[in-house]
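Everything below concerns the one structure shown next.
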Amino acid sequence: MSLNTANTPDGKGVLIYNGEAILLYTRAVNMSFNHGSATALKGKKSGALYLTSHRMIFVSQMNDGMRSFSMPFFALRDVTLEQPILSPNYLKGNIQAQPGGNFDGEVTWKLSFPKGGCIDFGQALLQAADMAQRYRPFDAPPSYAPAPGNYNAAPPGYVIPPNTNYYGFTAPTHVFPEQPPAGEVYMYESPPPYPGIAASPAHPGRAITSTGLARLYRNSVGHRFHSPPHLFDSDHNTRIRFP
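Just so you know, the sequence shown maps onto residues 581 to 823 in the working numbering.
What follows is the structure, given as structure tokens:
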């Protein structure tokens, strides 16, 4: 996780890496944090959410100290879909800070979707994170460092078209049909420093202990959705479940 590293200096644009693709986008998301000491993480945030081939990126629309919040798949922990009786569904989880990412330790985050789509986004996140596990690093999360080289307006093709099979991933664009506005997405010249859905030269990959996407199943007690726990049983692995 890193704070204020995925936005342009003016805070109006999002920065992605060369080879990183945007799978889903929505501008109607609320985000909040617990257990974080950074002042920039205090309070409820409203903004846009990107699901890319390598991470989630939240870009705040608030006029405060938080501009963006980057959450690589490999750093996610204990992600759950909460379904309260009297309030909307929301996603929550823990994220481990990247050294040098403008924050230390671990925080608990919460995402809510006022216009709906929480379950669909959560399932898409599960699929993308599971696919990225094939290329996860053996060691601790890499330190954050500013991407070398310049960045420019992203070229055509950075958003995956609807109904496209992207290395086995198909995004629920029928629920999230929006695309980022023109002029708000910029791309570094350098590739992502951490693994994503597809292998890159920096991350040739290795097999995980089971194959394919973790299948969701319904538990007869409390209508809880889970991913099979044996997929996420080692250090630095994502553990995702859907209550």
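By construction, the Cβ of each residue, glycine as well, lies at the ideal position given by its N, Cα and C atoms.
Return helix, strand or coil for His810, following the three-state DSSP convention. Residue placement at His810 cannot be trusted, given a pLDDT of 31 that sits under 50; the coordinates are not used to answer.
Going straight from the alpha carbon of Tyr766 to that of Phe638, what length do you get? 15 Å
How about Gly623 and Gln641: are their beta carbons less than 7 Å apart? no
Checking 7 Å against the spacing of the C-beta atoms, do Phe683 and Leu583 come in under that value? yes
Going by Cα to Cα distance, which pick from Glu764, Pro752 and Phe654 is closest to Asn732? Glu764
With a threshold of 16 other CB atoms inside 10 Å of the CB of Asn730, please say whether the residue is buried or exposed. exposed
If you draw a straight line from the C-alpha of Tyr747 to the C-alpha of Pro741, how long is it? 13 Å
What does DSSP give as the partner residues of Arg657 in its beta bridges? Asn674
Can you list, in chain order, the residues of its chain with a C-beta nearer than 7 Å to that of Pro809? Leave out the 5 residues immediately preceding and following it. Here the model assigns Pro809 a pLDDT of 35, short of 50, so the residue's position is not dependable and the matter cannot be decided.
Buried or exposed: Gly616, going by 16 or more other Cβ atoms within 10 Å of its Cβ? buried
In angstroms, rounded to a whole number, what distance separates the CA positions of Pro589 and Ser648? 11 Å
Contact under 7 Å by Cβ, Met581 with Met651: yes
With the cut-off set at 7 Å, would you say Gly776 and Ser612 are in Cβ contact? no
Measuring only the C-alpha atoms, how far is Ala782 from Tyr768? Annotation note: pLDDT 43 at Ala782 (below 50); position unreliable, coordinate value reported separately. Their Cα atoms are separated by approximately 16 Å.
Glu662 vs Asn674 beta-carbon contact at 7 Å: no
In its own chain, which residues sit with a C-beta less than 7 Å from the C-beta of Pro757, not counting the 5 before and 5 after it? none
Just to confirm the assignment, what range does the alpha helix (DSSP H) spanning Ala608 have? Taken as a continuous stretch (DSSP letters only), Ala608 belongs to no alpha helix (DSSP H), being part of the beta strand (DSSP E) at Ile602 to Asn614.
Three-way DSSP call (helix, strand, coil) for Gly748 in this model: coil
By how many angstroms is the C-alpha of Ala751 removed from the C-alpha of Asn743? 7 Å
For a quick check, are the C-beta atoms of Leu691 and Val609 less than 7 Å apart? yes
With DSSP as the reference, label Thr619 as helix, strand or coil. helix
Taking the beta carbon of Thr606 as the centre, do at least 16 other beta carbons fall within 10 Å, making it buried, or is it exposed? buried
Extent of the continuous beta strand (DSSP E) to which Leu691 belongs: Glu686 to Ser692
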